[in-house]
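So the structure is just underneath, and the comments pick up after that.
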Amino acid sequence: MAFKVMVDGRAHEVEIVRRRPHLVVRIDGREHEISLPGDIGDGRQTIEIAGLPMHFTRAQSGDRAFIRVAGRTFEAGIVDPRAEAEGSGGGHDHIKAPMPGAVVSVHKAVGDSVARGETIVTIESMKLQTALVAPRDGVIAELYCKEGESFEKDEMIARLQSTAEGVRDDA
Amino acid sequence: MMKHVAADETVPQDRAVPFRKILIANRGEIVCRIVRTLRELGIASVAIHHRVEDGAKHVRMADEAIEILGDTPVAAHLDGKQIIAAALSAGADAIHPGYGFLSENADFAQAVADAGLTFIGPDAQTIRLMGDKISARNFADAQGVPVAPSVMPTGDIDAFAAAASKIGFPLLIKAAAGGGGKGMSIVRSPSELSEAARIAASEARRYFGDGRVYAELYVERPRHIEVQVLGDGNGNAIHLFERECSVQRRFQKIVEEAPAANLPAALREQICSAAVQLAAAANYRNAGTVEFILGADGRFFFLEMNTRLQVEHPVTEMITDLDLVRTQIEIAAGHGLPLAQNEIAGHGHAIECRICAEDPERDFIPETGTIHYLGVPEAPFIRFENALDAGQKISADFDPMLAKLVVYGATRDEAIDRSIAALGELAVLGVRTNTDYLAKVLGHPAFRAGHLHTGFVNEHRTDLAAAEPDTATLDTVLIAAALGFREFRDLAFGVPEPHATIGHWRN
Chain S
-2 MAFKVMVDGR AHEVEIVRRR PHLVVRIDGR EHEISLPGDI GDGRQTIEIA
48 GLPMHFTRAQ SGDRAFIRVA GRTFEAGIVD PRAEAEGSGG GHDHIKAPMP
98 GAVVSVHKAV GDSVARGETI VTIESMKLQT ALVAPRDGVI AELYCKEGES
148 FEKDEMIARL QSTAEGVRDD A
Chain L
544 MMKHVAADET VPQDRAVPFR KILIANRGEI VCRIVRTLRE LGIASVAIHH
594 RVEDGAKHVR MADEAIEILG DTPVAAHLDG KQIIAAALSA GADAIHPGYG
644 FLSENADFAQ AVADAGLTFI GPDAQTIRLM GDKISARNFA DAQGVPVAPS
694 VMPTGDIDAF AAAASKIGFP LLIKAAAGGG GKGMSIVRSP SELSEAARIA
744 ASEARRYFGD GRVYAELYVE RPRHIEVQVL GDGNGNAIHL FERECSVQRR
794 FQKIVEEAPA ANLPAALREQ ICSAAVQLAA AANYRNAGTV EFILGADGRF
844 FFLEMNTRLQ VEHPVTEMIT DLDLVRTQIE IAAGHGLPLA QNEIAGHGHA
894 IECRICAEDP ERDFIPETGT IHYLGVPEAP FIRFENALDA GQKISADFDP
944 MLAKLVVYGA TRDEAIDRSI AALGELAVLG VRTNTDYLAK VLGHPAFRAG
994 HLHTGFVNEH RTDLAAAEPD TATLDTVLIA AALGFREFRD LAFGVPEPHA
1044 TIGHWRN
């Protein structure tokens, strides 16, 4: 049985090879025997991997785990295969907020054509201003925000359509 | 590390301060830090908070707390009228502004005084003088404090550009009312000048409501050296040595230390004396910081004066054993300076790392989240200045600085080693922070060698980027992660054997 675990955006396979007498897992082809002291909760922990104590600090939040090992913090999540199957097409058409904040100014209107790299809106978050630019050439199909409005991380700010689509819409 | 020079059981009658209750017009770690000193002095504390800060640590730690209203939390903390009314209703004698927010707002300082309260800081006139970069610079120049060659603004951008280009390149364009790197840019050739001035002016207008910009000689590989001063308001001033704050990102400090690394004694004396000269000439009252840029050729220039407690003040406290908040309060009470210059001695080395909610791998973009676990290193030589709680949401409402890790060592090397160990032990889980990045900065050979300048982060960005974890680390992470997921645990431990082989995750 293999689980797909994402660490900092990269997927790895963690496979349960044996459960008794000790848990043995295979990670990207490497097999490890694991001894657990008890339940895995939040905080500082030690587990034995192949007989060697490994220290880490962890915190769980829903389907995400934050793990600090060897002076580094990693973010991990388990991949739901169904969600994975739905895929991630059309990413180039959506301009999403990279962080939570507020809109300082909107430079384009619906129907305007934009060139790749052109600023669509300027946002501000924690005193930093950032320009959100067009990821490709196109026409603004939709703008989801006005000046002064605030938004959360990953919220949709604008949608692009190709220049050809825009012409068709106008006709 | 917080020893006091006059830490007797009973405060001598002539040093007793007339304040019984002080309102702290701030939030977060600095409120907690100020409350500690107030408690030692037997003064009651009043915290203020916006609705979103209900139950926050600074609110719990103070003796009283008053809610302030505002469309946004920041707007509430900038509402001077409301804060003064809160101080009056609580029966406070004085207001300590902390840093940021209203701490350098001359009108607020005046309004506090007009309300019959003591503002723990300089008078409004001094704040105004130092708050405007141009008037501060002219004042410094008139006192014989070195200032960089510069051109003052005129209404005519083209005339300004023509005059600026006479200084030579590179040039730095700055907003007169600026701070925090806003409206600031480096211009390397005459052709870029007019456009850069126009952009800086428009940015300055947007941020500060004041479009005046000026240009000055840009010092390549500059070090940021600042001097902690204390003034009694009657023309007497002393310094508590310098701090180096050269490691910056987005024009904001992330690592500060005292003393500065490898600063020749004569040069150190010159810089500290210049700061004292400025503070004395201004009849400065309060703790303050005079900032300089120092070029590789040993020339140094006045940058600005901060008329308040500085974020990085703990490093100075560690090497001088003085409590700067206590000093501020005693000065505000009219007791003058705590010591004479020749009684001040520095020892050892202290480093402060600013722990920020941000992603160093993505140009230090601010991050949000919830702190799910907080693990703090503890040792007699560590101060972890914070107001964090497990479960606390980190929103975009305030500055991304979460906490300050301040570490003392007998030598700079010891302070570095101890800081790296403390950063390794610190666990702020649930929001991305710069903790690991800071450990890389301190461990970098150029940092250890003291080869610092304000472009350090950019110069060493390749070395400072996170490396791929080794397989032992990665596998530990994956196992630690998998064990936390119910689906994995059920299969590994809980489910009877036959079902385990089916597994609902299988496609």
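As given, the protein sequences belong to chains S and L, one line each in that order.
At position 37 of the first sequence (counting the first as 1) the number is 34 in the working numbering, and the numbers step up by one without a gap.
At position 70 of the second sequence (counting the first as 1) the number is 613 in the working numbering, and the numbers step up by one without a gap.
From the three backbone atoms N, C-alpha and C, an ideal C-beta is built for every residue, glycine too.
Residue burial annotation: residue 837 of chain L is buried, with at least 16 other C-beta atoms found within 10 angstroms of its C-beta. Of the residues S:114, S:15, S:76 and S:118, the one whose Cα lies closest to the Cα of residue 1029 of chain L is S:76.
Distance from residue 665 of chain L to residue 850 of chain L at the Cβ level is roughly 5 Å; contact confirmed, criterion being Cβ atoms closer than 8 Å. Per DSSP, the continuous alpha helix (DSSP H) segment holding residue 1001 of chain L begins and ends at 999 to 1002. Residue contact check for residue 908 of chain L against chain S: a CB pair falls below 7 Å. For residue 734 of chain L, there is no enclosing beta strand (DSSP E); the enclosing alpha helix (DSSP H) covers residues 733 to 751. For residue 578 of chain L, the enclosing alpha helix (DSSP H) begins and ends at 571 to 584. Residues of the same chain with a CB within less than 7 Å of the CB of residue 655 of chain L, apart from the 5 flanking positions on each side, are 627, 638 and 662 in chain order. Within chain S, the C-beta atoms nearer than 7 Å to that of residue 1012 of chain L come from 69, in chain order. For residue 651 of chain L, the uninterrupted alpha helix (DSSP H) segment begins and ends at 649 to 657. Between residue 150 of chain S and residue 119 of chain S, the alpha-carbon positions lie close to 15 Å from each other.
Taking the beta carbon of residue 122 of chain S as reference, the chain L residues within 7 Å of it are 909 and 939, listed in sequence order. In this structure, the beta-carbon distance from residue 909 of chain L to residue 122 of chain S falls below 7 Å.
At least one C-beta of chain L is nearer than 7 Å to the C-beta of residue 20 of chain S. DSSP places residue 623 of chain L inside the alpha helix (DSSP H), whose first and last residues are 623 to 633. Rounded to whole angstroms, residue 790 of chain L and residue 1005 of chain L show a C-alpha spacing of 16 Å. Judged by DSSP secondary structure, residue 677 of chain L falls within the alpha helix (DSSP H) whose first and last residues are 676 to 685. Counting the other Cβ atoms within 10 Å of the Cβ of residue 143 of chain S gives fewer than 16, which makes it exposed. Taking 8 Å as the upper bound for CB-CB distance, residue 966 of chain L and residue 948 of chain L are in contact here, some 7 Å apart.
The straight-line gap separating the alpha-carbon atoms of residue 732 of chain L and residue 712 of chain L is approximately 6 Å. Within the same chain, and ignoring the five residues on either side of residue 19 of chain S in sequence, the residues whose Cβ sits closer than 8 Å to its Cβ are 30, 31 and 32. In chain order, 562 and 565 place their CB closer than 6 Å to the CB of residue 586 of chain L, counting only its own chain and leaving out the 5 sequence neighbours on each side. Annotation: the segment 970 to 1026 of chain L contains the following complete segments of the beta strand (DSSP E) (minimum length 3 residues), in chain order: 970 to 972. In this structure, residue 131 of chain S sits near residue 115 of chain S, with a CB-CB distance shorter than 7 Å. For residue 703 of chain L, the uninterrupted alpha helix (DSSP H) segment begins and ends at 700 to 710. When DSSP states are grouped into helix, strand and coil, residue 602 of chain L belongs to the helix group. In this structure residue 669 of chain L is in contact with residue 825 of chain L, their Cβ atoms being roughly 6 Å apart against a cut-off of 8 Å.
Between residue 1016 of chain L and residue 47 of chain S, the CB-CB gap reaches or exceeds 7 Å. The segment 943 to 960 of chain L makes contact with the segment 881 to 896 of chain L, as at least three CB pairs between them are under 8 Å.
The beta carbon of residue 1026 of chain L sits closer than 7 Å to those of 1032, all from its chain and outside the five residues before and after it, given in chain order.
At least one beta carbon of chain L lies nearer than 7 Å to the beta carbon of residue 58 of chain S.
Using beta-carbon distances, residue 90 of chain S does not count as an interface residue toward chain L, since no partner is under 7 Å. With contacts defined by Cβ atoms closer than 7 Å, residue 870 of chain L and residue 769 of chain L do not form a contacting pair. Between residue 570 of chain L and the set L:588, L:1022 and L:785, the nearest pair of CA atoms involves L:588. As computed with DSSP, residue 145 of chain S is found in no beta bridge at all.
Residue contact check for residue 51 of chain S against chain L: a CB pair falls below 7 Å.
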